[in-house]
Amino acid sequence: MPRSSELQVDAATAISRGRREYQEDAVITDFPIGGEIALAVVADGMGGHAAGDVASKIAVTEVFSELKLQSGDPDAFESTAPRLMRAAAEAANGCIASHSREVAETRGMGTTLLALAILRDRLFWISVGDSPLFLFRDGALRQINEDHSLAPQIDFLVQAGQLTAEEGRYHPDRSCLTSVLCGDRIAQVDCPEEPLVLSDQDLLIAATDGILSLTPDEIVAVLQGAGPGSAEIARALLDAVEEQDDPDQDNVTVSVIRVARNRWRQPAQALDGRTALGFGIARIAERVATAVRRAMAGIRLLQAGGSCADGPKAG
Numbered sequence: 010m011p012r013s014s015e016l017q018v019d020a021a022t023a024i025s026r027g028r029r030e031y032q033e034d035a036v037i038t039d040f041p042i043g044g045e046i047a048l049a050v051v052a053d054g055m056g057g058h059a060a061g062d063v064a065s066k067i068a069v070t071e072v073f074s075e076l077k078l079q080s081g082d083p084d085a086f087e088s089t090a091p092r093l094m095r096a097a098a099e100a101a102n103g104c105i106a107s108h109s110r111e112v113a114e115t116r117g118m119g120t121t122l123l124a125l126a127i128l129r130d131r132l133f134w135i136s137v138g139d140s141p142l143f144l145f146r147d148g149a150l151r152q153i154n155e156d157h158s159l160a161p162q163i164d165f166l167v168q169a170g171q172l173t174a175e176e177g178r179y180h181p182d183r184s185c186l187t188s189v190l191c192g193d194r195i196a197q198v199d200c201p202e203e204p205l206v207l208s209d210q211d212l213l214i215a216a217t218d219g220i221l222s223l224t225p226d227e228i229v230a231v232l233q234g235a236g237p238g239s240a241e242i243a244r245a246l247l248d249a250v251e252e253q254d255d256p257d258q259d260n261v262t263v264s265v266i267r268v269a270r271n272r273w274r275q276p277a278q279a280l281d282g283r284t285a286l287g288f289g290i291a292r293i294a295e296r297v298a299t300a301v302r303r304a305m306a307g308i309r310l311l312q313a314g315g316s317c318a319d320g321p322k323a324g
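Under the numbering used here, the sequence shown has 195 at position 186, and the numbering climbs by one with no breaks.
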């Protein structure tokens, strides 16, 4: 295993509305060249226009800003990363609860959450819901975070022979979630205490469940056929999803992160107007997140005489 200082990341993020009327995915990434901590936060909102997109934006803004705030001391971050991530998720959940109480049309909104931090050669993550985190290593693809939906139970029925593979893949309850950020108690949280040690040539994909219109074998085929750069891979994944020509295609977000030894990151590139790429400059990303957070807090103060930082209030 190379020392942490020898590991570099090449990252790109792509987003598509699919065939949906609204874009309810949200993503913030920060992969500063020369930095020791890289961050990516992805959320998939639900609840319709003016609700699901609000929940996902609240989640990524709150979680990213809190993790970025705590990233100044890499050694301290590494020793407390799981606790910091859980606290950030709870804070975001509290903000969603506050906003839902204050703005009637957003009541019932919710969102998944997938946040990851790469610290030198260590990967920490937290996830709630069904937004997948894939690791592609040595030609094999596996989802390394938990799936908080009914999909695992449906897959079990397929393996037991009670459903066909086709019935399982298109089961109407497959996307029913068992845990979300919606302002209530978070039913399930996946946040390992021990980080995953990354290796040279590892590839990570942090995504929303829109990517699951592709089978694992189809994703592997894309990864093996695309160019080596993360931007090329992100573009190829979106192209593969679009080629499915699914009239019900969900929103899709993919953040592709390649880990390499002593390899310079490629510059950010626009992907046909559909993408928001990584490589955010740390200071700019932090200022934007802070400004958004303060603006949202100010709106809440004007509307309800309180702040998101107060957390859920008694009814």
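Quick reminder that beta carbons are idealized off the backbone N, C-alpha and C, glycines included.
None of these values were measured; they are calculated from a predicted model.
Residues bridged to residue i (per DSSP)
| i | result |
| --- | --- |
| Val261 | Ser25 |
| Leu123 | Val51, Ser136 |
| Asp39 | Leu48 |
| Ser80 | Beta-bridge pairing links Ser80 to no other residue. |
| Asp34 | Asp53 |
| Ala216 | Val263 |
| Leu205 | Leu132 |
| Ala269 | Gln17 |
| Asp199 | Ser136 |
| Leu190 | Thr120 |
When the options are compared against residue i, the one with the closest alpha-carbon
| i | options | result |
| --- | --- | --- |
| Val229 | Thr262, Asp259, Leu246, Gly54 | Leu246 |
| Val69 | Gly170, Val36, Asn154, Leu144 | Val36 |
| Ala249 | Ser25, Asp19, Gln17 | Ser25 |
| Arg183 | Arg28, Ala174, Ala20 | Ala174 |
| Leu207 | Arg92, Gly192, Ser136, Leu132 | Leu132 |
| Val198 | Asp19, Ser158, Val268, Phe145 | Ser158 |
| Leu76 | Phe143, Lys66, Asp39 | Asp39 |
| Val72 | Asp53, Gly81, Arg95, Pro83 | Arg95 |
| Ile46 | Gly27, Leu150, Asp254, Ala85 | Ala85 |
| Glu99 | Leu190, Asp156, Gln32, Glu176 | Leu190 |
| Asp130 | Ala20, Asp147, Pro204 | Pro204 |
| Ala196 | Ser80, Glu155, Ser264 | Glu155 |
| Leu186 | Arg178, His180, Ala160 | Ala160 |
| Leu223 | Asp209, Asp211, Ser88, Gln258 | Gln258 |
| Ala97 | Ser264, Ser74, Arg244 | Ser74 |
Rounded straight-line distance, which links the Cα of residue j to that of residue i
| i | j | result |
| --- | --- | --- |
| Ala113 | Asp62 | 15 Å |
| Ala9 | Ala240 | An answer regarding residue 9 cannot be provided, because it is not within the stretch 10 to 324 covered by the chain. |
| Phe145 | Glu111 | 43 Å |
| Gln168 | Gln162 | 10 Å |
| Ala269 | Val18 | 6 Å |
| Glu227 | Gly234 | 11 Å |
| Pro256 | Arg29 | 9 Å |
| Gln171 | Gly44 | 50 Å |
| Leu48 | Gln253 | 30 Å |
| Gly27 | Lys66 | 18 Å |
| Gly103 | Ser140 | 20 Å |
| Arg272 | Val261 | Below a pLDDT of 50, predicted positions are generally treated as unreliable, and Arg272, at 48, falls in that range; no measurement from the model is reported. |
| Arg92 | Pro237 | 35 Å |
| Ala23 | Leu221 | 15 Å |
| Ser109 | Asp218 | 24 Å |
| Ala20 | Ala215 | 11 Å |
N-terminal and C-terminal residue of the beta strand (DSSP E) that residue i is part of
| i | result |
| --- | --- |
| Val137 | 131-137 |
| Gln152 | 149-152 |
| Val112 | Neither: Val112 is in no beta strand (DSSP E) and is coded neither H nor E. |
| Leu144 | 142-146 |
Proximity below 8 Å, CB of residue i to CB of residue j
| i | j | result |
| --- | --- | --- |
| Gly117 | Gly56 | yes |
| Leu122 | Ile105 | no |
| Asp193 | Thr120 | no |
| Leu128 | Pro201 | no |
| Leu213 | Phe165 | no |
| Val231 | Ala124 | no |
| Leu150 | Pro225 | yes |
Limits of the alpha helix (DSSP H) - the one that residue i falls within
| i | result |
| --- | --- |
| Arg244 | 239-252 |
| Arg178 | 174-178 |
| Ala230 | 225-234 |
| Ala169 | First-last for Ala169: undefined, no H or E at that position. |
Proximity test, Cβ basis, 8 Å: residue i and chain C
| i | result |
| --- | --- |
| Met55 | Of the protein chains in this structure there is only one, and it is not chain C. |
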